[in-house]
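Asks: Numbering (my numbering), first residue to last: 1296 to 1598. Yeah, the Cβ is synthetic: ideal placement off N, Cα and C, and Gly gets one too. Input: one structure, supplied below.
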């Protein structure tokens, strides 16, 4: 991912970025820059596939994601252009060693609309543009905190049931991706759900069928990336992850990444760590991180 612009505004920092097709991974290490941050991000065009330990999703335009850099994750960029603002977790009152799961909300929801507008205002204010209302840090922080609180502590038994059932179905899908007979009807019967209810559970993923296709594809690509491509391995991987043939797998990879697997995974440096360790001497985002650390050395483990 290439940062087009990185900026700092008070206790917050942000970046506009663009990518080609690439895999990335973020491991929880003390040397990893930004481990104590919450990221609020939107995608303007293209998309980004994200894989956390407990949740996987594809971030497309019209959604806002909130992710915690205390988590380990991996994913892939697909010609993505977007914006992200980083918040030190202490500004949200979050414990330093208690990670939160990833959150995705639509921009046409009340909270999603507020966050999308404040993201836009953040970069307009940094650029000195005087367009409408200015960026309100308090509104941005309060809205982010409210969204996190709602997702960590559901406000009703119904919301709690919905969350638990959704998580259970996702775990079932993850453990049966290699089964070519895995279909929405089978999941409905197994979990005693209507098709409409199942679709609503996976609406942010484009429906359960789309979710299964995305998970098969990205699991297979990562399998190839980590194990290498050699004679017979393409067939082995495509069968393992539920593709009916090599041709179908090749076609799916080319549609998603713009090239077939052999070209996609060469050279080996295609997998890029999501770190700022090798940033250039003056890099606004890195400079902001170091400034935060200098303010309170006791938070050194955050970075």
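With DSSP collapsed to three states, give me the class of residue 1475.
Replies: Position 180 of the chain shown holds residue 1475. If DSSP states are grouped into helix, strand and coil, residue 1475 belongs with coil.
Asks: Assuming the contact rule is C-beta atoms closer than 8 Å, residue 1337 and residue 1359 should be a hit. Round their C-beta distance to whole Å, please.
Replies: On the chain shown, position 42 is the one that residue 1337 refers to. On the chain shown, position 64 is the one that residue 1359 refers to. Correct: roughly 5 Å between the Cβ atoms.
Asks: How long is the line joining the alpha carbons of residue 1369 and residue 1559, rounded to whole angstroms?
Replies: Here residue 1369 corresponds to residue number 74 of the chain shown, with the count starting at 1. Here residue 1559 corresponds to residue number 264 of the chain shown, with the count starting at 1. So the alpha carbons of these two residues sit roughly 17 Å apart.
Asks: Nearest CA to the CA of residue 1460: which residue from 1474, 1469, 1473 and 1486?
Replies: In the chain shown, the residue the question calls residue 1460 occupies position 165. Of the listed residues, the one whose Cα sits closest to residue 1460 is 1486.
Asks: Kindly indicate which three-state DSSP category residue 1299 falls into: helix, strand or coil?
Replies: Taking the chain shown and counting its residues from 1, one reaches residue 1299 at position 4. Strand at residue 1299.
Asks: Please state whether the Cβ-Cβ distance between residue 1509 and residue 1335 is less than 8 Å.
Replies: As a first step, residue 1509 must be located in the chain shown, where it is residue number 214. As a first step, residue 1335 must be located in the chain shown, where it is residue number 40. No, these two residues do not count as a Cβ contact at 8 Å.
Asks: Can you grab the Cα-Cα spacing for the pair residue 1516 / residue 1502, in whole Å?
Replies: For the purposes of this step, residue 1516 is identified with residue 221 of the chain shown, where counting begins at 1. For the purposes of this step, residue 1502 is identified with residue 207 of the chain shown, where counting begins at 1. So the alpha carbons of these two residues sit roughly 21 Å apart.
Asks: Buried or exposed for residue 1537, going by 16 or more other Cβ atoms inside 10 Å?
Replies: Start at 1 with the first residue of the chain shown, and residue 1537 comes out as number 242. Burial call: buried.
Asks: By Cβ distance below 7 Å, which residues in the same chain neighbour residue 1407 in space, the five residues on each side in sequence not counted?
Replies: Working through the chain shown from its first residue, we reach residue 1407 at position 112. Closer than 7 Å at Cβ, skipping near neighbours: 1359, 1400 and 1401.
Asks: Which whole-angstrom value describes the C-beta separation of residue 1600 and residue 1398, a residue pair presumed to lie in contact below a C-beta threshold of 8 Å?
Replies: No information on residue 1600 is available, as it lies outside the stretch 1296 to 1598 that the chain covers here.
Asks: Going by DSSP, what residues sit across from residue 1467 in a beta bridge?
Replies: Here residue 1467 refers to the residue found at position 172 when the chain shown is read from its first residue. None; residue 1467 has no bridge partner.
Asks: Going along the chain, which residues of its own chain have a beta-carbon closer than 7 Å to the beta-carbon of residue 1479, five neighbours each way excluded?
Replies: As a first step, residue 1479 must be located in the chain shown, where it is residue number 184. Around residue 1479: 1490, 1493, 1503 and 1504.
Asks: Looking only at its own chain, which residues have a Cβ that is under 7 Å from the Cβ of residue 1557, when we skip the five neighbours before and after it?
Replies: Here residue 1557 is taken as the residue at index 262 of the chain shown, counted from 1. Around residue 1557: 1524.
Asks: Suppose the cutoff is 8 Å on Cβ atoms and the five residues either side in sequence are ignored; what does the same chain contact list for residue 1541 look like?
Replies: Position 246 of the chain shown, counted from the start, is the residue given in the question as residue 1541. Result list for residue 1541: 1529, 1530 and 1533, in chain order.
Asks: Between residue 1567 and residue 1345, what straight-line distance do the alpha-carbon atoms span, to the nearest angstrom?
Replies: Against the chain shown, residue 1567 aligns to sequence position 272. Against the chain shown, residue 1345 aligns to sequence position 50. Confidence at residue 1567 is low in this model, with a pLDDT of 43, below 50, so the placement of that residue should be treated as unreliable; the coordinate-derived value is given next. Near 14 Å, if we compare the C-alpha coordinates of residue 1345 and residue 1567.
Asks: Note down the Cα distance separating residue 1321 from residue 1552, rounded to an integer number of angstroms.
Replies: For this step, residue 1321 is matched to residue 26 along the chain shown. For this step, residue 1552 is matched to residue 257 along the chain shown. In a straight line, the C-alpha of residue 1321 is about 20 Å away from that of residue 1552.
Asks: At the 8 Å Cβ level, is residue 1357 part of the contact set with chain D, yes or no?
Replies: Of the chains in the structure shown, none is chain D; there is only one protein chain.
Asks: Go ahead and pull the three-state DSSP assignment for residue 1361.
Replies: The count along the chain shown starts at 1 and reaches residue 1361 at position 66. Three-state DSSP puts residue 1361 in a strand.
Asks: Using the three-state DSSP reduction, which class does residue 1327 fall into: helix, strand or coil?
Replies: Residue mapping note: residue 1327 aligns to position 32 of the chain shown, counting from 1. A caution first: residue 1327 carries a pLDDT of 48, below 50, which makes its placement in the model too unreliable to give a value.
Asks: Excluding sequence positions up to five away, which residues of its chain have a Cβ less than 6 Å from the Cβ of residue 1446?
Replies: Along the chain shown, read from residue 1 onward, the residue named residue 1446 stands at position 151. Taken in chain order, the residues that qualify are 1398.
Asks: Would you check if the distance between the CB atom of residue 1413 and the CB atom of residue 1331 is smaller than 8 Å?
Replies: The count along the chain shown starts at 1 and reaches residue 1413 at position 118. The count along the chain shown starts at 1 and reaches residue 1331 at position 36. Cβ atoms of residue 1413 and residue 1331: not closer than 8 Å.
Asks: Residue 1542 by DSSP, collapsed to three states: which one?
Replies: Numbered from its first residue, the chain shown carries residue 1542 at position 247. Looking at residue 1542 - three-state DSSP - the assignment turns out to be helix.
Asks: For residue 1524, which three-state DSSP category applies?
Replies: Taking the chain shown and counting its residues from 1, one reaches residue 1524 at position 229. Looking at residue 1524 - three-state DSSP - the assignment turns out to be coil, as it is neither helix nor strand.
Asks: Mapping DSSP to helix, strand and coil, what is residue 1497?
Replies: Against the chain shown, residue 1497 aligns to sequence position 202. DSSP places residue 1497 in coil when its eight states are reduced to three.
Asks: Can you grab the Cα-Cα spacing for the pair residue 1405 / residue 1500, in whole Å?
Replies: Position 110 of the chain shown, counted from the first residue, corresponds to residue 1405. Position 205 of the chain shown, counted from the first residue, corresponds to residue 1500. If I take the Cα positions, the gap works out to 19 Å.
Asks: With respect to 7 Å, is the separation between the Cβ of residue 1456 and the closest non-hydrogen atom of the ligand COA below this value?
Replies: In the structure on display, the ligand COA does not appear, and there are no ligands present to speak of.
Asks: Pick from 1545, 1539, 1357 and 1550: whose alpha carbon is nearest that of residue 1474?
Replies: Reading the chain shown from its first residue, position 179 is the one you call residue 1474. Measuring from the Cα of residue 1474, the nearest candidate turns out to be 1539.
Asks: Would you mind stating whether residue 1439 and residue 1361 have Cβ atoms separated by less than 8 Å?
Replies: Taking the chain shown and counting its residues from 1, one reaches residue 1439 at position 144. Taking the chain shown and counting its residues from 1, one reaches residue 1361 at position 66. Result yes, Cβ atoms of residue 1439 and residue 1361 sit closer than 8 Å.
Asks: Quick check: the Cα distance between residue 1507 and residue 1419, rounded to an integer number of angstroms?
Replies: Start at 1 with the first residue of the chain shown, and residue 1507 comes out as number 212. Start at 1 with the first residue of the chain shown, and residue 1419 comes out as number 124. Distance between the alpha carbons of residue 1507 and residue 1419 is about 38 Å.
Asks: Rounding to the nearest angstrom, what Cα-Cα distance links residue 1470 and residue 1423 in this structure?
Replies: One-based indexing of the chain shown puts residue 1470 at position 175. One-based indexing of the chain shown puts residue 1423 at position 128. Taking the straight line joining both Cα atoms gives about 50 Å.
Asks: Looking at C-alpha atoms only, which residue of 1421, 1371, 1546 and 1355 is the closest neighbour of residue 1347?
Replies: Taking the chain shown and counting its residues from 1, one reaches residue 1347 at position 52. Taking only the C-alpha atoms, the option nearest residue 1347 is 1371.
Asks: Measure the alpha-carbon distance for residue 1305 versus residue 1316 and round it to whole angstroms.
Replies: The sequence position of residue 1305 within the chain shown is 10, counting from 1. The sequence position of residue 1316 within the chain shown is 21, counting from 1. Each residue's Cα considered, the two are about 33 Å apart.
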